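Asker:
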Amino acid sequence: MALKLYDYSLSGSCYKVRLLLAFLKLDYAREQVDFYPGRAHKSLDFLELNPLGQIPVLEDGDLRLRDAQAILCYLADKYDKSGQWLPRDPDLFGTVMMWLMFAGGEIMAASAARLHDSLGYDLDIAAARQKAHAAFRILDDHLTLRAIESTRWIAGDHPTIADVACFPYVALSGDGGIGHEDYPALRNWMRAFRRLPRFHAMSGIPEFV
Amino acid sequence: MAITTDPVAINHWIACGWPGKVPVGGYWDTVLLGQNIRVSRPQPDIYEAAILTAGALGRRLPVQSRFCCIFTTLGQDPRPLPQIDEFDEPDRRLINCGSVGVNTSPYRMIENFLDMAHFPFVHTNILGAEKKTEVVSHKIEHRKDVDEIWATDCRFFQPAASKAATGGQMTDYTYRVMSPFSIMLYKNVHNDPGRNDAICMFVQPKGEAQCLAYMPMALVDDVNTTAAIIDFQQTIFLQDRVILENQRPALMPLAPAAEIPTKADVGSVTFRRWLKQMGISFGIYEKAAA
Amino acid sequence: MQINDQVEADRWVGVALDSQIQSASSHPVILNGRELALWRGESGPARVWDDRCPHRGMRLSFGFVRGNTLRCLYHGWTYGENGHCEAIPAHPDLAPPKTICASTHGTAAKYGIIWVNLSATRAAHVPDLPNQPGWLPVRSVHLRASAPQVLDGIAEFDYGEPARTSMPAQNACVVVLGSDTQLFFALQPIGLDKTGLHVVVNESGEPQIPRRQRLARQVARLRDTIEAGGGGVWPSPRTL
Numbered sequence: 138m139a140l141k142l143y144d145y146s147l148s149g150s151c152y153k154v155r156l157l158l159a160f161l162k163l164d165y166a167r168e169q170v171d172f173y174p175g176r177a178h179k180s181l182d183f184l185e186l187n188p189l190g191q192i193p194v195l196e197d198g199d200l201r202l203r204d205a206q207a208i209l210c211y212l213a214d215k216y217d218k219s220g221q222w223l224p225r226d227p228d229l230f231g232t233v234m235m236w237l238m239f240a241g242g243e244i245m246a247a248s249a250a251r252l253h254d255s256l257g258y259d260l261d262i263a264a265a266r267q268k269a270h271a272a273f274r275i276l277d278d279h280l281t282l283r284a285i286e287s288t289r290w291i292a293g294d295h296p297t298i299a300d301v302a303c304f305p306y307v308a309l310s311g312d313g314g315i316g317h318e319d320y321p322a323l324r325n326w327m328r329a330f331r332r333l334p335r336f337h338a339m340s341g342i343p344e345f346v
Numbered sequence: 004m005a006i007t008t009d010p011v012a013i014n015h016w017i018a019c020g021w022p023g024k025v026p027v028g029g030y031w032d033t034v035l036l037g038q039n040i041r042v043s044r045p046q047p048d049i050y051e052a053a054i055l056t057a058g059a060l061g062r063r064l065p066v067q068s069r070f071c072c073i074f075t076t077l078g079q080d081p082r083p084l085p086q087i088d089e090f091d092e093p094d095r096r097l098i099n100c101g102s103v104g105v106n107t108s109p110y111r112m113i114e115n116f117l118d119m120a121h122f123p124f125v126h127t128n129i130l131g132a133e134k135k136t137e138v139v140s141h142k143i144e145h146r147k148d149v150d151e152i153w154a155t156d157c158r159f160f161q162p163a164a165s166k167a168a169t170g171g172q173m174t175d176y177t178y179r180v181m182s183p184f185s186i187m188l189y190k191n192v193h194n195d196p197g198r199n200d201a202i203c204m205f206v207q208p209k210g211e212a213q214c215l216a217y218m219p220m221a222l223v224d225d226v227n228t229t230a231a232i233i234d235f236q237q238t239i240f241l242q243d244r245v246i247l248e249n250q251r252p253a254l255m256p257l258a259p260a261a262e263i264p265t266k267a268d269v270g271s272v273t274f275r276r277w278l279k280q281m282g283i284s285f286g287i288y289e290k291a292a293a
Numbered sequence: 011m012q013i014n015d016q017v018e019a020d021r022w023v024g025v026a027l028d029s030q031i032q033s034a035s036s037h038p039v040i041l042n043g044r045e046l047a048l049w050r051g052e053s054g055p056a057r058v059w060d061d062r063c064p065h066r067g068m069r070l071s072f073g074f075v076r077g078n079t080l081r082c083l084y085h086g087w088t089y090g091e092n093g094h095c096e097a098i099p100a101h102p103d104l105a106p107p108k109t110i111c112a113s114t115h116g117t118a119a120k121y122g123i124i125w126v127n128l129s130a131t132r133a134a135h136v137p138d139l140p141n142q143p144g145w146l147p148v149r150s151v152h153l154r155a156s157a158p159q160v161l162d163g164i165a166e167f168d169y170g171e172p173a174r175t176s177m178p179a180q181n182a183c184v185v186v187l188g189s190d191t192q193l194f195f196a197l198q199p200i201g202l203d204k205t206g207l208h209v210v211v212n213e214s215g216e217p218q219i220p221r222r223q224r225l226a227r228q229v230a231r232l233r234d235t236i237e238a239g240g241g242g243v244w245p246s247p248r249t250l
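Residue numbers (our numbering), protein chains in the order written: chain Z, 138 to 346; chain L, 4 to 293; chain V, 11 to 250.
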């Protein structure tokens, strides 16, 4: 087994993968990509690895995968024999997939706001923040109902890759001027997630919980 | 955003871009102290800057290209750029980390750069550790001949002081505040204690609480890839950024009772006194007092 | 210099549900534009302070709890429940002077809601409700609407059955549905066009989980209706 992650420390999408690798106690090699300022993810060399020009990319032996959500599914399916992170029960599986798509879709507006504020990306920041708030409200509503059942996690009684996929850009949203004041259920979920064994922080998410 | 009327803030050379931001034959529009400007690049090594008013180019501004950055000034009598010899040493690696936006006052950024006490809490297990939090006394002086603030004999326990470091060590620092908008540090080279890495931060104040930070470095490191060095430096700076954007008020308070310093804050106290003495008002909380 | 030097009215305002402020946590709360840190130690009641560390102004809502102290994220300065600074990590042997103190505010927990009074006098009382015990949390929502708009929205809402609305105090509203169900709404003015709404329920026979989830959904619907400018229909709680 030789896992290799094409990685950038400040990327929330790469962080999703680093988190699951840590939760699953998997060793891996890091290949740092000069995402900013070098834009190495748009270089011809990198486009051979991922024609979409996006990080992360994961290699496992001869297999090469792009897309953080796809990588989470692969790692959980292959390396988590307990099935906790990717439940096989059809109802739970479907629910996890639904929120995984949400993490790669609607929540990415928070990533856009962060790229605008910190790295100067030219985009409609008001629209990005508004979309992120709309997404956060949907997740906060969901977690509010879950909390009434005394459940902390997005699906089922344990953290799953749905939590791993949703966490980074919710937690990093302050970097894009999106506060957590309006989302009490999100705050409690994030704190529970940060207290998981083998959790590690990244820049923008405080180490101390 | 209106241009500042503060003559003290205006009379500085201020970073307004880095080469990767300005394509050859193209330009990038930015803001300096509330003034819209255009930085253009007619030839690979030639940069120009001008005031931009309602989309039209106005007065030409002087430009200097130095320390991997492009500098300009809105003032008639700017303070000269500092002398940083390390950038001219032939065996140095000059690394430019682009620019990072930070929504706070430029002085909050300088003050944080000058601060060691936050290492264990903000740069946990990299530049500091929770079990060794003490800031031992160090020397701070306002060097009147160059009008710079220097902090010397700074020592702090660091678990992973740089990309080149392995294992914890006491690290020696020298800090040098070169203007209200620029600061640098000298830090032991990991394998060559006789030399220092030079790491700078030039702040471009777009508005009173909207800044860009440029962090060029002149390093002695023949081991690490540029990607890894940049990744390390950005990791540190984005850890600081959370703090910087959540200090209240964002503007720098200079009244002595506004915030409570301790002995570890002598650098901050000296820096704030220096700002007060120069009478700067841009980015300062107390408008009447400045 | 005082950073927050406005004179605050002597009034209790609900700012959160007590059940949502878990032990060992710190939260950001905004009241009339003023930033506050709402935190709870590993045990004991929640507390509300100004959201800035006296040292460098860092927001204490970003801080972390150890024991019953709140520690600032920036330099680890450690504050006890009375607001006094107890430790400064940069100087482990120093006993911090008593003058270093966070700005603390009157805080109370009643009906499952955390109340804050920012005034120095604190002669006012938390609003009185007819039923003291038996209140259970429904949920908090945050609306893009002013407090008066939210009050109007609560009163005008079509609850699908006779509803009696009363205001026991400013920024507090009781809606009685049928003979048995009381909903209590505590309003938190955040800004001119933003309001927090903290909702608890009281009815005979403790509402079970599905019932509370249903009520929480309806509060979200009330939120969306008010933001859309009215016109939503609340299905009768009797039929839930």
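For each residue, glycine too, the CB sits at the ideal point set by N, CA and C. Since the model is a prediction, treat every value here as computed from it, not as a measurement.
How would you call S43(L), buried or exposed, if buried means at least 16 neighbouring beta carbons within 10 angstroms?
Answerer: Buried is the call here.
Asker: Please determine, among M119(L), R41(L), G78(L) and T8(L), the residue with the shortest C-alpha to C-alpha distance to G270(L).
Answerer: Closest option to G270(L), Cα to Cα, is M119(L).
Asker: Listed from N- to C-terminal order along the chain, which residues in the region 97-119 of chain L have their beta-carbon within a distance smaller than 9 Å of any beta-carbon of chain Z?
Answerer: Cβ contacts with chain Z: N99, C100, G101, S102, V103, G104, V105 and N106.
Asker: Can you tell me whether DSSP reads L202(V) as helix, strand or coil?
Answerer: Coil at L202(V), not helix or strand.
Asker: Do T136(L) and G86(V) have their C-beta atoms closer together than 9 Å?
Answerer: Yes, the Cβ-Cβ distance between T136(L) and G86(V) is below 9 Å.
Asker: I'd like the span of the alpha helix (DSSP H) that includes M112(L), first residue to last.
Answerer: Unbroken alpha helix (DSSP H) run through M112(L): P109 to F116.
Asker: Compute the Euclidean distance between the alpha carbons of F160(L) and Q172(L), then round it to the nearest angstrom.
Answerer: Going from the Cα of F160(L) to the Cα of Q172(L) covers about 6 Å.
Asker: Under the three-state reduction of DSSP, which class applies to I298(Z): helix, strand or coil?
Answerer: Note: I298(Z) maps to helix in three-state DSSP.
Asker: Can you name the start and end residues of the alpha helix (DSSP H) that L84(L) belongs to?
Answerer: Segment: none, L84(L) is in no alpha helix (DSSP H) and carries neither H nor E.
Asker: Go ahead and label V17(V) buried or exposed: buried means 16 or more other beta carbons lie within 10 angstroms of its beta carbon, across all protein chains shown.
Answerer: Classification for V17(V): exposed.
Asker: Taking the continuous alpha helix (DSSP H) assigned at R331(Z), which residues delimit it?
Answerer: Segment P321 to R331, the alpha helix (DSSP H) holding R331(Z).
Asker: Give me the residue from V209(V), P140(V) and W49(V) with the minimum Cα distance to L161(V).
Answerer: The shortest Cα separation from L161(V) among V209(V), P140(V) and W49(V) belongs to V209(V).
Asker: Whether or not the region 270-289 of chain Z and the region 187-195 of chain Z are in contact is what I'm after, with contact meaning three or more pairs of Cβ atoms, one per stretch, closer than 8 Å; do they touch?
Answerer: With the cut-off at 8 Å, the region 187-195 of chain Z and the region 270-289 of chain Z do not touch.
Asker: In whole angstroms, what separates the C-alpha of I283(L) from that of L257(L)?
Answerer: Each residue's Cα considered, the two are about 11 Å apart.
Asker: In chain order, what residues of the same chain have a beta carbon less than 6 Å from the beta carbon of A240(Z), not counting five sequence neighbours either side?
Answerer: Hits under 6 Å: A302 and C303.
Asker: Report the three-state DSSP secondary structure of L252(V) (helix, strand or coil).
Answerer: Outside the shown range of chain V, which is 11 to 250, sits residue 252(V), and nothing can be said about it.
Asker: Among residues of its own chain, excluding the 5 on either side of L117(L), which ones have a beta-carbon nearer than 6 Å to its beta-carbon?
Answerer: Within the same chain, L117(L) has close Cβ partners Y178 and G270.
Asker: Say whether chain L places a C-beta atom closer than 9 Å to the C-beta of L83(V).
Answerer: Yes, contact with chain L.
Asker: How about V23(V) and V126(V): do their beta carbons lie closer than 9 Å?
Answerer: Contact: yes.
Asker: In terms of residues, what are the limits of the beta strand (DSSP E) holding K142(L)?
Answerer: Taken as a continuous stretch (DSSP letters only), the beta strand (DSSP E) holding K142(L) covers K142 to R146.
Asker: I want to see whether chain V comes within less than 9 Å of R275(L), judged by CB atoms only; does it?
Answerer: No, its Cβ sits nowhere closer than 9 Å to a Cβ of chain V.
Asker: Let me know if V226(L) comes out buried or exposed under the rule of 16 or more other beta-carbons within 10 Å of its beta-carbon.
Answerer: By the 10 Å Cβ count, V226(L) comes out exposed.
Asker: Do you know how far the Cα of E318(Z) is from the Cα of L241(L)?
Answerer: Looking at the two C-alpha atoms, the distance is approximately 21 Å.
Asker: Pick from Y30(L), Q67(L) and C71(L): whose alpha carbon is nearest that of C203(L)?
Answerer: Cα-wise, what sits closest to C203(L) is C71(L).
Asker: With DSSP run on the structure shown, which of helix, strand or coil describes L27(V)?
Answerer: Residue state, collapsed to three classes: strand.
Asker: Nearest-angstrom Cα distance between N191(L) and P99(V)?
Answerer: Approximately 25 Å, taken between the alpha carbons.
Asker: Would T281(Z) pass as an interface residue toward chain V - the criterion being a Cβ-Cβ separation below 9 Å?
Answerer: At least one chain V Cβ lies under 9 Å of T281(Z).
Asker: Which bits of chain V does I285(Z) rub up against, with CB to CB less than 7 Å?
Answerer: Per Cβ cutoff of 7 Å: I219, R222, Q223 and A226.
Asker: Taking 9 Å as the threshold (C-beta atoms), are G341(Z) and L309(Z) in contact?
Answerer: Going by C-beta atoms, L309(Z) is nearer than 9 Å to G341(Z).
Asker: So, are the CB atoms of K345(L) and H101(V) less than 9 Å apart?
Answerer: The shown model of chain L, from 4 to 293, leaves out residue 345(L), and the question about it has no answer.
Asker: Helix, strand or coil for M119(L), going by three-state DSSP, please let me know.
Answerer: Looking at M119(L) - three-state DSSP - the assignment turns out to be coil, as it is neither helix nor strand.
Asker: Spell out the partners DSSP gives T33(L) in its beta bridges.
Answerer: Answer by DSSP bridge pairing, in chain order: I40(L).
Asker: Looking only at its chain, what residues have a beta carbon closer than 6 Å to the beta carbon of D156(L), apart from the 5 residues adjacent to it on each side?
Answerer: Here the set comprises H141 and K142.
Asker: Select from the region 65-89 of chain V all residues with a C-beta closer than 7 Å to any C-beta belonging to chain L, and list them in chain order.
Answerer: Correct list: H65, R66, G67, M68, R69, F72, L83, Y84, H85 and G86.
Asker: Using a cut-off of 7 Å between C-beta atoms, extract the partners of N249(L) located in chain V.
Answerer: Near N249(L) (Cβ distances below 7 Å), the residues of chain V are M68, R69 and F72.
Asker: List the residues of chain L whose Cβ lies closer than 7 Å to the Cβ of R44(V), in chain order.
Answerer: Per Cβ cutoff of 7 Å: no residues; R44(V) is ~10 Å from chain L at best.
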